[in-house]
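See structure below.
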Amino acid sequence: MAESRSFRPFETHLDEERARRLLAEACAGGEDGELFLERRRSEALVFDDGRLKTASYDASEGFGLRAVNGETVGYAHSTEISEPALARAAETARLAVGAGGGTLAAGPGATNRRLYTDADPMADSEFPVKVETLREIDAYARGRDRRVVQVSATISASLQEIAILRPDGQLIADTRPMARVNVSVIVEQDGRRESGSHGGGGRFGLAGLLAPESWQAHVDEALRIALVNLEAEPAPAGQMDVVLGAGWPGILLHEAVGHGLEGDFNRKGTSAFTGLIGQQVAARGVTVVDDGTLPDRRGSITVDDEGTPSSRTVLIEDGVLVGYMQDRQNARLMGVAPTGNGRRESFAHAPMPRMTNTIMEGGSATREEVLSELKDGIYAVGFGGGQVDITNGKFVFSCTEAYRVKNGKIGAPLKGATLIGDGPAAMKQIRAIAGDMALDPGIGNCGKAGQWVPVGVGQPTLLIGGLTVGGSST
Numbered sequence: 442m443a444e445s446r447s448f449r450p451f452e453t454h455l456d457e458e459r460a461r462r463l464l465a466e467a468c469a470g471g472e473d474g475e476l477f478l479e480r481r482r483s484e485a486l487v488f489d490d491g492r493l494k495t496a497s498y499d500a501s502e503g504f505g506l507r508a509v510n511g512e513t514v515g516y517a518h519s520t521e522i523s524e525p526a527l528a529r530a531a532e533t534a535r536l537a538v539g540a541g542g543g544t545l546a547a548g549p550g551a552t553n554r555r556l557y558t559d560a561d562p563m564a565d566s567e568f569p570v571k572v573e574t575l576r577e578i579d580a581y582a583r584g585r586d587r588r589v590v591q592v593s594a595t596i597s598a599s600l601q602e603i604a605i606l607r608p609d610g611q612l613i614a615d616t617r618p619m620a621r622v623n624v625s626v627i628v629e630q631d632g633r634r635e636s637g638s639h640g641g642g643g644r645f646g647l648a649g650l651l652a653p654e655s656w657q658a659h660v661d662e663a664l665r666i667a668l669v670n671l672e673a674e675p676a677p678a679g680q681m682d683v684v685l686g687a688g689w690p691g692i693l694l695h696e697a698v699g700h701g702l703e704g705d706f707n708r709k710g711t712s713a714f715t716g717l718i719g720q721q722v723a724a725r726g727v728t729v730v731d732d733g734t735l736p737d738r739r740g741s742i743t744v745d746d747e748g749t750p751s752s753r754t755v756l757i758e759d760g761v762l763v764g765y766m767q768d769r770q771n772a773r774l775m776g777v778a779p780t781g782n783g784r785r786e787s788f789a790h791a792p793m794p795r796m797t798n799t800i801m802e803g804g805s806a807t808r809e810e811v812l813s814e815l816k817d818g819i820y821a822v823g824f825g826g827g828q829v830d831i832t833n834g835k836f837v838f839s840c841t842e843a844y845r846v847k848n849g850k851i852g853a854p855l856k857g858a859t860l861i862g863d864g865p866a867a868m869k870q871i872r873a874i875a876g877d878m879a880l881d882p883g884i885g886n887c888g889k890a891g892q893w894v895p896v897g898v899g900q901p902t903l904l905i906g907g908l909t910v911g912g913s914s915t
């Protein structure tokens, strides 16, 4: 890339002391605030139906200025990083704070920790190499099985560089790489078509992902899932016990439970977990953490988007609710410490409490022991889309790979299975937990209030009693 990797807005765009004075004026009488500056570059190559379908590159930069007093937030942003634009933003944010009356909160603590490289993931492989890799993925998938009729593959990478200036002059910076490869295949047999997909990534360069041993594993797994679904039978319907596989099935935990443990929902009293600190909200043995400190993981952040160092936050311990995920504003209003979960999609958005890597810790059983307890139910190892109501935790999730199980024996694969229940009840109905906790391969995104951020999930194999399974047979 011809563009410099180093983002130094106070050397190239703004005078740091002048910017601090404008920010201090905007936050005068308030309790908090910051100037969030960002430069982001990203690329994506999509290979579909035997040809390079799209190749895109995007570059953006801008700032967001926030002033906070109590529950009131003044926020203004601009794609122009200049003193006139900053002055206008400061005036706008200041209007929301009004007369003020607050005392400026202390800034976040410092950290020297680095969880990932600051190297540009787009620069470690040339464009022709990426295109050729996509061609090789397509050829390899088609060569693996004559039933493959379509292959889609994506290579994507980005680099986000941020600088956070606080009214007291504290300056915090972070450089966040991201890379991902994803493969989808469609197979056909006797007029029936089924699909499978797999991928992986994280906060590192593309070079490792473009190595044949890496992308071939994704192709093999996508093809395996597609071929399993080709033999799948209609899923049963009714209430039954369910074993969830390790790893990516943690997305159900993320959606049905994780969102309900974010600080803003609990401060406002709209979560199913509001007011339950210290109470038993899950079965004994269930421990759930949100950990933004895992090296190189997709959901990890050295500091959050307010400058607070990320942390390992215990949410549920041995079934007891012990904490929520907090940004600075909600933590202050609830009288607790921030947990490093203040996140935003970009400079155009104000931060809010968001998950990083949300994980259920492993138990003492083996996977086989957990499955042996399933007398008549399903084993769900892959999930697609789902819907969740945060106020009560009710969820509906579709399975992309599932099997019928009777007397602990895995039987036929199932097609069209959906899991229906509510998070708080499901957590109390966990009856067995294996010791095989695994993280997802690095593919998660999370939406909240119109903002999307990368996240991670993880869990062990576990048995949940009495979920409703929606299917096409009885």
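The sequence shown runs 442 to 915 under my numbering. Glycine included, every Cβ here is placed at the ideal spot set by N, Cα and C. What you are looking at is a predicted structure, and each value in this text was computed from that prediction instead of being measured.
Residue 674 is bridged by DSSP to 855.
In this structure, DSSP gives residue 689 a state outside helix and strand, which the three-state scheme calls coil.
The stretch 868-887 and the stretch 638-650 touch, with three or more beta-carbon pairs separated by less than 8 angstroms. The beta carbons of residue 758 and residue 799 sit no closer together than 8 angstroms. Membership of residue 593 in the beta strand (DSSP E) is indicated by the continuous run 589-606. Bounds of the alpha helix (DSSP H) holding residue 707 are 704-708. The alpha-carbon separation between residue 730 and residue 887 amounts to approximately 17 angstroms.
Your pair residue 676 and residue 636 does not check out as a contact, with CB atoms roughly 17 angstroms apart and the cut at 8 angstroms. Taking all protein chains in view, the Cβ of residue 449 is surrounded by fewer than 16 other Cβ atoms within 10 Å, so the residue is classified as exposed. Taking C-alpha positions only, residue 459 is separated from residue 531 by approximately 12 angstroms. Taking every protein chain shown into account, the CB of residue 624 has 16 or more other CB atoms within 10 angstroms, so this residue is buried. The stretch 784-797 makes no contact with the stretch 812-829: fewer than 3 CB pairs, one atom from each, lie closer than 8 angstroms.
For a cut-off of 8 angstroms, the C-beta gap from residue 509 to residue 770 is around 6 angstroms, short enough to register as a contact. Beyond the five residues adjoining it in sequence on each side, residue 681 comes within less than 6 angstroms, by CB distance, of 818, 910 in the same chain, given in chain order. In the same chain as residue 478, and ignoring 5 residues on each side of it, the C-beta atoms closer than 6 angstroms to its own belong to 450, 504, 604, in chain order. Classified as exposed, residue 447 has fewer than 16 neighbouring CB atoms from the shown chains inside 10 Å of its CB. Assignment of residue 694 by DSSP, reduced to helix, strand and coil, places it in the helix class.
The C-alpha of residue 576 is placed about 8 angstroms away from the C-alpha of residue 492.
Straight across, the Cα-Cα distance linking residue 894 with residue 781 is about 14 angstroms.
Beta-bridge analysis with DSSP links residue 871 to 905. Between residue 687 and residue 803, the alpha-carbon positions lie close to 10 angstroms from each other. In the DSSP assignment, the residues bridged to residue 493 are 488.
Annotation: residue 447 is outside any beta strand (DSSP E) and is labelled neither H nor E by DSSP.
Within 10 angstroms of the beta-carbon of residue 752 lie 16 or more other beta-carbons, which makes it buried. Taking one beta carbon from each stretch, the stretch 464-476 and the stretch 594-608 have 3 or more pairs nearer than 8 angstroms; the two touch. In the three-state reduction of the DSSP assignment, residue 771 falls in the helix class.
Taking a cut-off of 8 angstroms for Cβ pairs, the stretch 898-906 and the stretch 869-877 touch, as three or more such pairs fall below it. With respect to residue 766, residue 704 sits close: the two C-beta atoms are nearer than 8 angstroms. The C-alpha of residue 609 lies about 8 angstroms from the C-alpha of residue 548.
For residue 625, the enclosing beta strand (DSSP E) covers residues 612-630. Residue environment: residue 472 is assigned as buried (16 or more neighbouring CB atoms within 10 Å of its CB, all protein chains considered). A residue is called buried when at least 16 other Cβ atoms come within 10 angstroms of its Cβ; residue 859 meets this threshold and is buried.
Residue 816 sits in coil when the DSSP states are folded into three classes, being neither helix nor strand.
In the three-state reduction of the DSSP assignment, residue 477 falls in the strand class. Nearest to residue 785 by alpha-carbon distance, out of 537, 764, 557, 744, is 744. For residue 841, no alpha helix (DSSP H) encloses it; the enclosing beta strand (DSSP E) starts and ends at 835-847.
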